[in-house]
Amino acid sequence: MKKIIECVPNFSEGKDSKKVAELVSEVVSAKGVKLLDYSMDKDHNRSVITFCGDIEGIKEVAFNLAKKAAEIIDMRYHKGEHPRIGALDVMPFVPVKNVTMDECVDIAREVGKRIGEELRIPVYLYEEAQPNPNRKRLEDIRRGEYEHFFEKIKMPEWVPDFGPHEMNEKSGATVIGARHYLIAYNVNLATNNIDIANKIAKAVRFSSGGYRYLKAMGVNLKERNIVQVSMNFTNYEKTPVFRVFETIKREAARYGVNIIGSELIGLIPAKALYDTAEYYLMMENFSYDKVIENRIYE
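Okay, here's the thing in structure tokens:
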């Protein structure tokens with residue numbers, strides 16, 4: 013049985029389309045992997061590539077992407093709305109088919125060790141790949157961002173898992189791990205008041221008393237003169253997208269603000285969309301075998 017792993021690297025480059033194309037070409041030209049999606053955002057100054065493949069293909073392309081990012085991205089000149097600590101900011105491995113989480117953990121550790129040793133970039137493990145419970149959360153590792161990491165990395169509790177124990181000035185540091193599916197979903201508001209986006213994000217995210225499997229922050233989209241609530245769903249079945257969307261809509265109404273749209277970064281499992289359709293259409297006795305494509309290709 014063929015083993016399939018998903019890899020979703022996030023890069024600190026979302027303004028230069030030529031550089032993003034160079035990163036994408038590392039996936040397209042490789043054997044043993046398939047490009048699924050990529051996106052870039054100028055306000056976040058960030059790009060996300062989603063690809064899948066077998067174990068050997070995933071490992072090789074993951075390292076090549078880290079190497080390419082180190083060559084073409086210079087963190088000394090990077091500015092953007094999204095938190096980040098490195099050129100290759102974060103790279104998770106996700107089990108898709110005939111593969112276990114433990115195997116993805118092994119891949120993360122092997123790739124992380126190679127990046128640290130060969131590219132001389134500090135590497136931190138996160139989520140399932142990180143044995144230290146105090147260093148599992150991405151937001152904890154990334155707190156302080158690139159600018160303050162030169163001092164943070166010297167702290168005993170923040171010694172990197174792999175690579176040098178000092179910051180790489182050009183490439184920063186990298187976070188690599190293994191996790192389950194994640195949905196990156198943003199809701200855009202009809203205002204340019206970042207305080208409103210921050211207050212709504214605080215109301216819905218788990219760390220501030222909101223939904224258990226949700227991370228959220230306010231982001232300023234300067235090119236569009238609006239703000240957004242930028243979110244990560246770490247378990248969309250226990251914290252469904254539609255429930256959070258409705259909460260944001262109600263919270264925004266308190267400030268006299270409308271939702272003008274939303275966006276998906278990367279891919280989304282079909283079940284998350286089915287659940288949303290079932291909720292808004294109020295369909296009784298709905299089952300997934302009523303979706304025609306599921307019957308055709310079953």
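In this note's numbering, the protein residues as written are 13 to 310.
The beta-carbon is built from N, C-alpha and C at its ideal position, and this holds for glycine as well.
This structure is a prediction, so every number in the text was calculated from the model and none was measured.
- Residue range 157–164 is occupied by the alpha helix (DSSP H) that includes Tyr-158.
- Shown here, Tyr-248 sits in coil according to DSSP, grouped into three states, outside any helix or strand.
- Closest option to Glu-18, judged by alpha-carbon separation, among Val-253, Glu-68, Asn-244 and Lys-54: Glu-68.
- By the neighbour-count criterion, in which 16 or more other beta carbons inside 10 Å mark a residue as buried, Gly-268 falls on the exposed side.
- Within the region 124–151, the complete beta strand (DSSP E) runs of at least 3 residues fall at 135–139.
- Under the three-state reduction of DSSP output, Met-295 falls in the coil class, being neither helix nor strand.
- Secondary structure at Lys-80: helix, using DSSP grouped into helix, strand and coil.
- Straight across, the Cα-Cα distance linking Val-123 with Glu-130 is about 10 Å.
- Annotation: the continuous alpha helix (DSSP H) that includes Glu-258 extends over 253–266.
- DSSP places Leu-35 within a helical segment (H, G or I) once states are collapsed to three.
- Tyr-136 sits close to Pro-172, with the two beta carbons spaced by under 9 Å.
- Collapsing the DSSP output to three states places Ala-284 in a helix.
- With a 10 Å radius around the Cβ and a threshold of 16 neighbouring Cβ atoms, Met-294 comes out exposed.
- Under the three-state reduction of DSSP, Val-269 is assigned to coil, being neither helix nor strand.
- Ala-202: not part of any alpha helix (DSSP H); DSSP gives it neither H nor E.
- Ranked by Cα distance from Lys-54, the first of Asn-244, Ser-29, Cys-64 and Phe-75 is Ser-29.
- Bridge partners of Asp-53 according to DSSP: Arg-58.
- Beta-bridge partners assigned by DSSP to Gly-230: Val-241.
- Taking the Cβ atoms as the reference, Lys-71 lies roughly 13 Å from Glu-38, outside the contact range of under 8 Å.
- If you look at Val-216, you'll find it in the alpha helix (DSSP H) that goes 206–216.
- Under the DSSP assignment, Ile-17 falls in the beta strand (DSSP E) whose first and last residues are 16–19.
- Taking a 10 Å sphere around the C-beta of Met-87, we find 16 or more other C-beta atoms and assign the residue as buried.
- Relative to Ile-277, the option among Val-256, Met-243, Tyr-291 and Ala-265 whose CA is nearest is Met-243.
- Annotated as distal: Ser-219 and Glu-296, with beta-carbon spacing of 9 Å or more.
- Looking at the DSSP output, Ile-277 shares a beta bridge with Ala-196.
- Here the alpha carbon of Ala-120 sits roughly 25 Å from the alpha carbon of His-56.
- Relative to Arg-266, the option among Ile-212, His-94, Phe-23 and Ser-183 whose CA is nearest is Ile-212.
- Beta-bridge partners assigned by DSSP to Leu-47: Phe-63.
- Pairing His-177 with Lys-166 gives a Cβ-Cβ distance under 9 Å.
- Contact between Phe-23 and Ala-99 is confirmed by a C-beta separation of about 7 Å, below the 8 Å threshold.
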